[in-house]
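Each remark here refers to the structure printed beneath this line.
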Amino acid sequence: MEAGGDQSVRCSLARAGRIVVKVGSGVLVDAEQRLDTDRIGQLVKSMARLLAEGRQLVLVTSGAVAAGAPVMGLTGSAKTIPQLQACAAVGQNLLMSVYERLFSRLGRHTGQILLTRDDMNNRERYLNSRNALETLLASGILPVVNENDTVAVNEIKFGDNDHLSAQVAVLVQADLLLILSTVGGFYEQNHEGALEDGRLVPTVERITDWHFHHTRDTSDSASINRGGMRSKLLAIRKAADSGIPSLLVSGLDDGILETVLEGREVGTLFLPFKERLSARKHWILHSLQPQGRLVVDRGAARALTHKGKSLLSIGITAVEGKFHSGNPVRVMGPDGREIARGLSYYSSREVEAIRGRRSEEIRARLGYSYYDEVIHRDNLVLVK
Ligand code: GLU
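To convert, take the position in the sequence shown, counting from 1, and add 521; that gives the numbering used here.
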């Protein structure tokens, strides 16, 4: 399962021209949970050095809530959603002013991009965000990305910056997603705060259930860190599906960016998947929020997973949730496991009327028949 240190990929990291650097809140704050401008200054210097070498960087930064909490008098305490949003409103400002001040001293400028999951759900906004990022990169400006925490409610939230950073890496087709965290890599029996009990895994060829089983995250509503190891693994898998390698390293180590880009063995390297998804299928699988579920019988499940077929009404046994024509849905096998995701040609009401029926019967049941399939193969992605 583990490749035990894939030196050739490590060396190729040294040539990575476009890198998404994700910095977690824990790296950006000091023991009092205030923005640690010394550490941020070190990171900025390293990033400026990489920019001077001609590399393109996108910085995905957390720390807005952490920076805003002291101003709001809410350091260390559990926060309600409106309080988190208010902290983010205050803190995002402070965070950006720190980055801009530090980068401009080194002759560089920053541009702020705040995203929500909704921006990725909508193809037009997705492409617009990409254009904005590309334009900033082409102009030599460093895009600084965070989640738009003040407006994002649960339904439209990435939830943590791990997912956001993977999404941004896919958006700009980065050569590397570099995650700087207080956890310096993937450990067997990983337990945040008690890292001694595990062995650092240097290279992960493919993330499997085994890795999720070796993850024990703690969650704490007062914490400024939202993503644990589980969310990192999910995010890294999203990048891997798009052919992008990820490296998880300690953001607390001095000169970590330089160490990584010299190809030295630090942290955990996650290799990209060989069968890379097309941009459209990646978007269906990783950007869209499924609106409902279609449960299928054994024959249909096999036709999808082994024969490359489309999903027909005859194989659908149940419809869950409400969705419109064109919406993304999960396709569940008879054992309750998700096997695919796709865009349904028919709404939940229509599928309810035609499920278990042959395609030729669609017209008789609905009074019209736009498509023979419920999900065409071109709009369907298998979930591995
Ligand atoms: N967007 C949040 C912030 O800036 C951080 C989320 C995360 O740490 O994953 O505070």
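Ideal placement from N, C-alpha and C gives every residue a C-beta, glycine not left out.
- K843 sits in coil when the DSSP states are folded into three classes, being neither helix nor strand.
- If only complete runs of 4 or more residues are kept, the stretch 796-878 shows the alpha helix (DSSP H) at 800-803, 819-828, 869-875, in order along the chain.
- Residue range 577-582 is occupied by the beta strand (DSSP E) that includes T582.
- Of the residues R644, H732, G764, S660, the one whose Cα lies closest to the Cα of A687 is G764.
- In this structure, DSSP gives R622 a helical state, which the three-state scheme calls helix.
- Excluding its 5 nearest sequence neighbours in each direction, I561 has C-beta neighbours in its own chain below 7 Å: L549, V619, L623, listed in chain order.
- Scanning its chain for C-beta atoms nearer than 6 Å, with the 5 sequence neighbours on each side dropped, one finds around K843 the residues S869, in chain order.
- Distance from the CA atom of G575 to the CA atom of L901, rounded to whole angstroms, is 39 Å.
- When secondary structure is reduced to three states using DSSP, P591 falls in the helix class.
- Placement of the Cβ of L754 at a distance of 8 Å or more from every heavy atom of ligand 1 is found.
- With fewer than three CB-CB distances shorter than 8 Å, the stretch 603-612 does not count as touching the stretch 750-769.
- In the pairwise beta carbon analysis, the stretch 536-551 is classified as touching the stretch 691-702: at least three pairs are separated by under 8 Å.
- K600: not part of any beta strand (DSSP E); DSSP gives it neither H nor E.
- Ligand 1 approaches T582 closely enough that one of its heavy atoms is under 8 Å from the residue's Cβ.
- By the C-beta criterion, the stretch 824-838 is judged not to be in contact with the stretch 786-797, since fewer than 3 inter-stretch pairs fall below 8 Å.
- In this structure, S880 places its C-beta atom within 9 Å of the C-beta atom of E894.
- For G562, the enclosing alpha helix (DSSP H) stretches over residues 558-573.
- The Cβ atoms of R531 and E786 sit closer than 9 Å to each other.
- Excluding residues up to 5 positions away in sequence, G748, S752, K753, A756 lie with their Cβ nearer than 6 Å to the Cβ of D683 in the same chain.
- For the pair A573 and L615, the CB atoms are not nearer than the 9 Å cut-off.
- Restricting attention to alpha helix (DSSP H) runs no shorter than 4 residues, the stretch 653-703 encloses them at 682-692, ordered along the chain.
- Look at S546: its beta carbon is less than 8 Å from one of the heavy atoms in ligand 1.
- For V586, the shortest separation between its Cβ and any heavy atom of ligand 1 lies below 8 Å.
- Secondary structure of L615 (DSSP, three-state): helix.
- By the CB criterion at 9 Å, Q563 and G776 fall inside the cutoff.
- In terms of CA proximity to T729, V904 leads the group V904, G584, K543.
- Here L648 is exposed, its C-beta having fewer than 16 other C-beta atoms within 10 Å.
- T671 is a Cβ neighbour of A610, given a cutoff of 9 Å.
- DSSP links K543 through a beta bridge to V581, I700.
- For Y867, the number of other beta carbons within 10 angstroms of its own is at least 16, and it is reported as buried.
- In the DSSP assignment, I777 falls within the alpha helix (DSSP H) that extends over 777-782.
- Counting along the chain, the unbroken beta strand (DSSP E) around L903 starts and ends at 901-903.
- Here the C-alpha atom of R851 lies approximately 34 Å from the C-alpha atom of G705.
- Contact annotation: R570 and E726 have beta-carbon atoms that are not nearer than 9 Å.
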